[in-house]
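**Q**
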């Protein structure tokens, strides 16, 4: 799914009207009435000067929330224009994980940023930067709310009111002992529903699922998705370091979804791990060349097949006219099947024990698709005046190739799953390549048998 | 990302040990200590008899929660074995949206299910079934918590304690007037943080984002992802009908991600909309045949190109040996570029105004990839004894085709975005097909110019 901009266009139009009218009071009022994610989308669409002007009108808390959501490019622009004092004002409202991300995105102002936050935050930011990119540690926020397990529900609620006025939206309360060890967790709901005199230790969940800060963010995403959590604590040696919230996980899921698409296109995403424009070209090439060379070598098998039928191709040149058409269609059919099977496996609709049923189904639909295309191919070949025999060869070949491509396209991802390889690694180019040489052999063998000119 | 089973394997092993030992007490204790999502994964892996036996040991609330998470196949099996009384017991703990889904998944027991729930629930289920599949209405739960805007924070908290003991995990409280109109929303956090004497109307948010029950679930997912919401109210004519929670949205996002992959493979997911095995084959064919025929017709352009070079192909048959290799590699390179660009657009790293920069970057990386493959192709052609001239033609053609495929692969998704077509509709087969005919023309023109045998 593309995370489309929902409301940016009409907002942009309205802001432009106010900018044109130079109605600063109204513009300020309007901008400050917007929600941060909408503001971020609009700012990303404005010109550089409009963007900095509009940003300067935001109240510091809204400016901070917006800064956390804009593109890295906008971050660099907007942070670049702030004075030290304005920067300090915004940083006051920025959670730790966003401060860390800001330093990564705007390295030129790292010193200024670190100078304007407390030494405690500096230490935390340095800690965060030590975790690898895409790790749980990079994703976590330190703004979680903790109580002591020995407090009563009433005491815990009062404690929250006093101490945690500035915490972000929170949904869970963590019961932590004096040494920072995580003893249990209670939802805010359970805290409210408990009898005021009940101790937190009595109603908290002690069987807490956690991740380590060095774990991959994908693990955190999987755990949150699997257990329907709203937040997941990050611990080291039993001590709670921070939490990962479900909204960050949604971003991870969208990102991982696009990584699967990269893989399906035959690109290894692990090598990239950076925004498009900041990835050096040599690294882009590195993420692609491995698959390309492998596929190229596999594809040379097509040359071997063609050389094997050299005589036939020399005697009936028209045979070669249909080569790209036939293997191209085989590749397209195969790519369709692979994507269907990968989806079925991902949604757990297909299991390994269903292999026979899956292959049979795909064989059937391949045959039906082949019959449809075979009729079209026959007509086209006749229109080219290829002769009835050749037209028939092409039609039969396309039926056979579609059936074959569908079968291969279903077997390969299932085999990957069987050998514990992520089926998402089975890419469209891989299937296309596998179908090419085999499809050629099918075509030319049918021709050899049926064409009287070749006998 | 594949929503992999996290803990099912070791749990399955342990359960099998207990089943083998026939230690029923220990098995019962162990099963009831598990979390519903883990139980669901394990049950899906067991044999039919093991599955029903293990399910029969669960406490009714855990059985209900597990039933909501298992595969449709398991649902049919498990519900099928329940007596009317057992069914009634489980239904008591099942939220309305899961009852609706149960009826959809196990139509054979629709009557029994509807007979065992209250007439109020029957009415609600019938209402839900009227919303189209994949709509917000199908996804919503009616178990939200409401207060009156005129209540004080203290009164609201006491109201929650009294009335909403049975509500699911909740994070937001909805302020609703006597007629059911949604007046505002407050997070549980804000409710706790408010002064006990403050009225809900004073601190609630009145600018509430909502969806209609007939809206697509993808819109709800986008809104929740965009605004970092934990829940989204569903309203009709201002009246609140239910809420959609973030955990359901995560499932939608995973599903939508796999739909994008289907599209990239050239399958139209809209036609399917059902689990793999329950989709009739004619519908599978319908979802694929449109693209296949379109691509087939486009691909016949390759035949036109080849007929144009009929003389050359007749004079140097070896020329045709490299046709699949060259156009296959062009297709692979193009597919890589498309998936890179679609990802960049989805993550908003690439914007339309960057078009020139994008194309230039892809042109460069295409050239670098082409040079690498050109060297390999030259070597391979020499080893086949194709003659130095032909080897050189193949090497030059591959450089040109890679550069060209990369350029086309970046331009097409950007053009789609420009004309407001979802770039995710640009599939690998589409690019492969576009590159095939043009790649052939490039190859044969280079051959015509450079091969002395053709002059």
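Residue numbers (the numbering used here), protein chains in the order written: chain A, 1 to 455; chain B, 1 to 455. Where a beta carbon is used, it is the ideal one built from N, C-alpha and C, also for glycine.
(1) What distance in whole Å lies between the Cβ atoms of residue 84 of chain B and residue 106 of chain B, which are believed to be in contact at a cut-off of 8 angstroms?
(2) Should residue 374 of chain B be flagged as near chain A, meaning a C-beta pair shorter than 8 angstroms?
(3) Check whether the Cβ atoms of residue 145 of chain A and residue 173 of chain A sit closer than 8 angstroms, and answer yes or no.
(4) For residue 151 of chain B, would you say it is in contact with chain A, using Cβ-to-Cβ distances shorter than 8 angstroms as the test?
(5) Mind checking whether residue 233 of chain A and residue 224 of chain A have CB atoms under 8 angstroms apart?
(6) Give me the Cβ distance between residue 389 of chain A and residue 265 of chain B, rounded to the nearest whole Å; I'm assuming they're in contact under 8 angstroms.
(7) For residue 404 of chain A, which residues in chain B fall below 8 angstroms Cβ to Cβ?
(8) Do you know offhand how far residue 119 of chain A's Cα is from residue 217 of chain A's?
(9) Could you please tell me which residues of the region 288-306 of chain A, in chain order, have their CB closer than 7 angstroms to any CB of chain B?
(10) Would you mind working out which of B:374, B:443, B:354, B:399 sits nearest residue 410 of chain B, comparing C-alpha positions?
(11) List, in chain order, every chain A residue whose beta-carbon is nearer than 9 angstroms to that of residue 92 of chain B.
(12) When the distance is taken between beta carbons, is residue 309 of chain B closer than 8 angstroms to residue 444 of chain B?
(13) Can you tell me the Cα-Cα spacing of residue 121 of chain B and residue 150 of chain A, whole angstroms?
(14) Can you say whether residue 162 of chain A is buried or exposed, counting buried as having 16 or more other CB atoms within 10 angstroms of its CB?
(15) Tell me, please, which residues DSSP counts as bridged to residue 391 of chain A.
(16) Establish whether the CB of residue 448 of chain B and some CB of chain A are separated by less than 8 angstroms.
(17) Closest to residue 493 of chain B by C-alpha separation, out of B:235, B:280, B:79, would be which residue?
(18) Between residue 332 of chain A and chain B, is any beta-carbon pair separated by less than 8 angstroms?
(19) For a contact defined as C-beta to C-beta under 7 angstroms, what are the partners of residue 179 of chain A on chain B?
(20) For residue 456 of chain B, go through chain A and note every residue whose CB falls closer than 8 angstroms to its CB, in chain order.
(21) Return the residue from the list A:137, A:307, A:371, A:364 that minimises the CA-CA distance to residue 381 of chain B.
(22) Considering only C-alpha positions, which residue in the set B:291, B:362, B:198, B:348 is nearest to residue 428 of chain B?
(23) If you drop the 5 nearest sequence neighbours on each side, which residues of the same chain put their C-beta closer than 7 angstroms to that of residue 5 of chain B?
(24) Name the two residues that bound the continuous beta strand (DSSP E) containing residue 183 of chain B.
(25) Going straight from the alpha carbon of residue 2 of chain A to that of residue 426 of chain B, what length do you get?
(26) Using CA coordinates, which residue listed in B:148, B:348, B:324 is at the minimum distance from residue 439 of chain A?
(27) How should residue 226 of chain B be labelled, buried or exposed, when 16 other C-beta atoms within 10 angstroms of its C-beta is the threshold for buried?
(28) If we define contact as Cβ-Cβ less than 8 angstroms, is residue 261 of chain B a contact residue for chain A?
(29) Per the contact definition of three or more C-beta pairs closer than 8 angstroms, is the region 31-41 of chain B in contact with the region 52-61 of chain B?
(30) Taking DSSP as the reference, what is the three-state secondary structure of residue 403 of chain A?
(31) Along chain B, in chain order, which residues have C-beta atoms closer than 8 angstroms to that of residue 28 of chain A?
(32) Go ahead and pull the three-state DSSP assignment for residue 242 of chain B.
(33) Hey, out of A:49, A:319, A:288, whose CA is closest to residue 392 of chain A's CA?
(34) Which whole-angstrom value is the C-beta distance of residue 312 of chain B and residue 447 of chain B, which I expect to be below 8 angstroms?
(35) Comparing the C-beta of residue 378 of chain B with each C-beta of chain A, is any distance below 8 angstroms?
**A** Looking at the atomic coordinates:
(1) Position 106 of the second chain, counting from 1, holds the residue named residue 106 of chain B. Position 84 of the second chain, counting from 1, holds the residue named residue 84 of chain B. Incorrect: roughly 14 angstroms between the Cβ atoms, too far for contact.
(2) Here the question's residue 374 of chain B lines up with position 374 in the second chain. Residue 374 of chain B does not count as touching chain A.
(3) Here residue 145 of chain A corresponds to residue number 145 of the first chain, with the count starting at 1. Here residue 173 of chain A corresponds to residue number 173 of the first chain, with the count starting at 1. In this structure, residue 173 of chain A lies closer than 8 angstroms to residue 145 of chain A by Cβ.
(4) Taking the first residue of the second chain as position 1, residue 151 of chain B is located at position 151. Chain A, which has no Cβ nearer than 8 angstroms to the Cβ of residue 151 of chain B, makes this no.
(5) For the purposes of this step, residue 233 of chain A is taken as the residue at position 233 of the first chain. For the purposes of this step, residue 224 of chain A is taken as the residue at position 224 of the first chain. No, the Cβ-Cβ distance between residue 233 of chain A and residue 224 of chain A is not below 8 angstroms.
(6) As a first step, residue 389 of chain A must be located in the first chain, where it is residue number 389. As a first step, residue 265 of chain B must be located in the second chain, where it is residue number 265. Between residue 265 of chain B and residue 389 of chain A the Cβ distance is about 34 angstroms, and since that is not below 8 angstroms, they are no contact.
(7) Stepping through the first chain from its first residue, residue 404 of chain A is reached at position 404. In chain order: nothing, as chain B lies at least about 15 angstroms away.
(8) For the purposes of this step, residue 119 of chain A is taken as the residue at position 119 of the first chain. For the purposes of this step, residue 217 of chain A is taken as the residue at position 217 of the first chain. Rounded to the nearest angstrom, the two C-alpha atoms are 27 angstroms apart.
(9) 288, 289, 292, 293, 295, 296, 299, 300, 302, 303, 306
(10) Along the second chain, read from residue 1 onward, the residue named residue 410 of chain B stands at position 410. Among B:374, B:443, B:354, B:399, the Cα nearest to that of residue 410 of chain B belongs to B:354.
(11) Walking along the second chain from the start, residue 92 of chain B turns up at place 92. Here the premise fails: no neighbours, minimum Cβ distance about 19 angstroms.
(12) Position 444 of the second chain, counting from 1, holds the residue named residue 444 of chain B. Position 309 of the second chain, counting from 1, holds the residue named residue 309 of chain B. A contact, by the Cβ cut-off of 8 angstroms.
(13) The residue given as residue 121 of chain B occupies position 121 in the second chain. The residue given as residue 150 of chain A occupies position 150 in the first chain. Distance between the alpha carbons of residue 121 of chain B and residue 150 of chain A: 41 angstroms.
(14) By 1-based counting over the first chain, the position of residue 162 of chain A is 162. Its Cβ having fewer than 16 others within 10 Å, residue 162 of chain A is exposed.
(15) For the purposes of this step, residue 391 of chain A is identified with residue 391 of the first chain, where counting begins at 1. Paired residue(s): none; residue 391 of chain A is not in a bridge.
(16) Position 448 of the second chain, counted from the first residue, corresponds to residue 448 of chain B. Answer no: the Cβ-Cβ gap between residue 448 of chain B and chain A never drops below 8 angstroms.
(17) Since the displayed chain B opens at 1 and closes at 455, residue 493 of chain B lies outside it and no answer follows.
(18) Stepping through the first chain from its first residue, residue 332 of chain A is reached at position 332. Cβ-Cβ to chain B under 8 angstroms: yes for residue 332 of chain A.
(19) Here residue 179 of chain A refers to the residue found at position 179 of the first chain. Going along chain B, no residue has its Cβ under 7 angstroms from residue 179 of chain A, so there is no contact; the nearest lies around 27 angstroms.
(20) No statement about residue 456 of chain B is possible, as the shown extent of chain B runs from 1 to 455 and does not include it.
(21) Against the second chain, residue 381 of chain B aligns to sequence position 381. The candidate whose alpha carbon is nearest that of residue 381 of chain B is A:307.
(22) As a position in the second chain, residue 428 of chain B is number 428, starting the count at 1. When only C-alpha atoms are compared, the closest one is B:291.
(23) Here residue 5 of chain B refers to the residue found at position 5 when the second chain is read from its first residue. Here the model assigns residue 5 of chain B a pLDDT of 44, short of 50, so the residue's position is not dependable and the matter cannot be decided.
(24) Position 183 of the second chain, counted from the start, is the residue given in the question as residue 183 of chain B. Looking at the DSSP string, the run of the beta strand (DSSP E) that includes residue 183 of chain B is 182-187.
(25) Here residue 2 of chain A is taken as the residue at index 2 of the first chain, counted from 1. Here residue 426 of chain B is taken as the residue at index 426 of the second chain, counted from 1. Interpretation of residue 2 of chain A is limited by its pLDDT of 41, a score under 50 that renders its predicted location unreliable; the figure taken from the coordinates is listed afterwards. Rounded to whole angstroms, residue 2 of chain A to residue 426 of chain B spans 13 angstroms at the Cα level.
(26) Here residue 439 of chain A refers to the residue found at position 439 when the first chain is read from its first residue. Looking at the Cα atoms, B:324 is the closest of the given residues.
(27) In the second chain, the residue the question calls residue 226 of chain B occupies position 226. The residue is buried, with at least 16 neighbouring Cβ atoms inside 10 Å.
(28) For the purposes of this step, residue 261 of chain B is taken as the residue at position 261 of the second chain. Yes, because at least one Cβ of chain A sits closer than 8 angstroms to the Cβ of residue 261 of chain B.
(29) yes
(30) Translated into the one-based positions of the first chain, residue 403 of chain A becomes position 403. Residue 403 of chain A: helix per DSSP, three-state reduction.
(31) Taking the first chain and counting its residues from 1, the one referred to as residue 28 of chain A is at position 28. What residue 28 of chain A touches in chain B: nothing, since even the nearest Cβ is about 18 angstroms away.
(32) Translated into positions along the second chain, residue 242 of chain B becomes position 242. Of the three classes helix, strand and coil, the one that applies to residue 242 of chain B here is strand, per DSSP.
(33) Here the question's residue 392 of chain A lines up with position 392 in the first chain. Measuring from the Cα of residue 392 of chain A, the nearest candidate turns out to be A:319.
(34) Locating residue 312 of chain B in the second chain gives position 312, where the first residue counts as 1. Locating residue 447 of chain B in the second chain gives position 447, where the first residue counts as 1. Yes, residue 312 of chain B and residue 447 of chain B are in contact; Cβ-Cβ is about 6 angstroms, under 8 angstroms.
(35) What you label residue 378 of chain B is simply residue 378 of the second chain in a count that begins at 1. False, the Cβ-Cβ gap to chain A never drops below 8 angstroms.
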